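Residue numbers (this note's numbering), protein chains in the order written: chain S, -2 to 85; chain L, 2 to 270.
Ideal Cβ positions, reconstructed from N, Cα and C, are used throughout, including at glycine.
Keep in mind the model is a prediction, meaning the values are calculated, not measured.
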Amino acid sequence: MSLLDYFKTSKASSASLAKERLQILVAHERSSRNQPSYLPQLQKELLEVIRKYINVDQDAISVNFEQNDTQETLELNIVLPEHQTKTS
Amino acid sequence: MARIIVVTSGKGGVGKTTTSAAIAMGLAKKGHKTAVIDFDVGLRNLDLIMGCERRVVYDFVNVINGEATLNQALIRDKNCNLLYILPASQTRDKDALSQEGVGKILDELKKDFKYIVCDSPAGIEKGAHLAMYFADDAFIVTNPEVSSVRDSDRMLGILSSKSRRAEQNEDPIKEYLLLSRYSPDRVKLGEMLSVEDVQEILSLHLLGVIPESKSVLNASNSGTPVILDEKSDAGQAYADIVARYLGEDKPHRFIDDKKGLFGKLFGRK
Ligand SMILES: Nc1ncnc2c1ncn2[C@@H]1O[C@H](COP(=O)(O)OP(=O)(O)O)[C@@H](O)[C@H]1O
Ligand SMILES: [Mg+2]
């Protein structure tokens, strides 16, 4: 009986784990689906402009598009290289 | 007005062809003239499931190319004279189907048929795109399993942005969830996503649950849609689904583990 209990509890978590992983993934994929189509191009051009002044990596910049009932926001995040933040 | 139903999923092997055959037969048995079209170009299989593989002379692509008329290509079902099958071509040419060609054939079918069931291939490539493009209703066949649920959600995104209805700003395609290969006993043990789990993730209207059933293989072995096996659980599940789709009020079945110890020991059909 203890063996059966073991299987029951270990598997009880397997479906809920699947659900949790799916909820996160699906939410993420849905939000990127609703992004405006100009976003990748915007990100590319912004990066070019910023690079004229600061030497940042490709992945130092992120552009996030958020949408709720009342408004749409565009959030721009630039992570500056370490030595620059120190000297400034 | 004729209605075009696409049976789709994204993922392969989840039960689209089984479902297309069953619901097309179910709709025809209810007295509606129905055509079922195999969109899986290069991997024709609906003919086998419907048991008409030896009567295929012309196919979908022949009609598009003007090599045969629609009437020459449509195969009348041996069990129900209101049901017709349009087989897929076995060509390896991926571009054999065009949006214009498919649209023309569907328009022609709409004049004569009440329901047109489109059996989509797996994937999100051209064949799957064309199968869903002209649809009025979408039956999303999903298995209670992570990759199938994820792919179904992707397909929902495509239905709401890339279909004719979306492009022309008409009312959106009506989407229904068909949860297939469901094992209530495994759900009870926490080994399988439950109906509620899947509904919560996909937020879709549930048309029905089709249990994992031996009768599906038996049906495909003999080339008779499983819905004709009226004693089987899967057959009854599909009959319920057709009835609900047509507006009948049928309580959901096959969700709970009704097998007692006796049933578990001796199995059930
Ligand atoms: N409810 C079910 N119970 C058991 N086996 C099933 C069920 N539905 C489908 N199958 C089996 O799964 C396999 C894939 O089904 P199919 O309808 O061809 O899927 P698809 O068209 O989505 O690729 C087939 O072998 C079929 O017999
Ligand atoms: Mg198939």
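Any heavy atom of ligand 2 closer than 7 Å to the beta-carbon of residue i?
i	result
K127/L	no
N138/L	Per the sequence shown, residue 138/L should be read as Asp rather than Asn. No, ligand 2 has no heavy atom inside 7 Å of this Cβ.
T143/L	no
D120/L	yes
D152/L	no
T18/L	yes
N65/S	no
D41/L	yes
Sort out for me which residues DSSP pairs residue i with in a bridge.
i	result
T35/L	L84/L and Y116/L
F62/S	L71/S
S181/L	I211/L
A139/L	V7/L and E176/L
I76/L	I86/L
H206/L	Y177/L
Straight-line CA distance for residue i to residue j?
i	j	result
K66/L	R55/L	Checking the sequence, you will find Asn at residue 66/L rather than Lys. So the alpha carbons of these two residues sit roughly 22 Å apart.
A15/S	L207/L	20 Å
T18/L	S121/L	8 Å
Q169/L	R48/S	41 Å
K31/L	L71/S	53 Å
E126/L	D152/L	13 Å
G16/L	A57/S	44 Å
N74/S	Q64/S	17 Å
N219/L	I50/L	11 Å
L87/L	I6/L	15 Å
P173/L	F135/L	11 Å
S85/S	Q32/S	Residue confidence for S85/S is low, a pLDDT of 47 falling below 50, so the modelled location carries little weight; the figure read from the coordinates is stated next. Going from the Cα of S85/S to the Cα of Q32/S covers about 35 Å.
R18/S	K232/L	38 Å
L194/L	V147/L	8 Å
A29/L	C81/L	7 Å
L203/L	N52/S	43 Å
R77/L	N222/L	20 Å
K12/L	L84/L	27 Å
H130/L	C119/L	11 Å
I228/L	A23/L	5 Å
E41/L	V8/L	Note that residue 41/L is Asp in the sequence shown, not Glu. Answer to the nearest angstrom: the Cα atoms are 12 Å apart.
Y171/L	S161/L	Correcting the residue type first, residue 171/L is Glu in the shown sequence and not Tyr. The alpha-carbon atoms of E171/L and S161/L are separated by roughly 11 Å.
Q68/S	F62/S	11 Å
P212/L	F140/L	16 Å
M26/L	V64/L	23 Å
A69/L	S184/L	44 Å
I38/L	P37/S	38 Å
L190/L	P145/L	14 Å
G102/L	H33/L	25 Å
E249/L	A238/L	14 Å
S181/L	D154/L	16 Å
G43/L	A24/S	35 Å
Taking residue i and residue j to be in contact with their CB atoms under 8 Å, please state how far apart those CB atoms are, rounded to whole angstroms.
i	j	result
G209/L	R245/L	6 Å
S10/L	S164/L	With 8 Å as the limit, S10/L and S164/L do not qualify as a contact, their Cβ atoms being about 16 Å apart.
I256/L	V196/L	6 Å
L179/L	Q200/L	In fact, because the Cβ distance is near 12 Å, the residues do not count as touching under 8 Å.
K79/L	G104/L	So it is not a contact: roughly 30 Å between Cβ atoms.
A36/L	L98/L	Their Cβ separation, rounded to whole angstroms, is 16 Å, which puts A36/L and L98/L out of contact at 8 Å.
D230/L	G224/L	D230/L to G224/L, Cβ: 12 Å. No contact.
A12/S	E176/L	Actually they are not in contact, since the Cβ atoms of A12/S and E176/L sit about 24 Å apart, beyond 8 Å.
Can residue i be considered in contact with ligand 1, in the sense that its beta carbon sits closer than 7 Å to one or more heavy atoms?
i	result
L43/S	no
T9/L	no
I242/L	no
S59/S	no
S233/L	no
S184/L	no
V210/L	no
V15/L	yes
A132/L	no
A23/L	no
L207/L	no
Just list the beta strand (DSSP E) runs in the region 11 to 60 of chain L, keeping only unbroken ones of 3 residues or longer that don't cross its boundaries, in chain order.
-> 35 to 39
Minimum length 4: unbroken alpha helix (DSSP H) runs contained in the region 7 to 64 of chain S = 36 to 50
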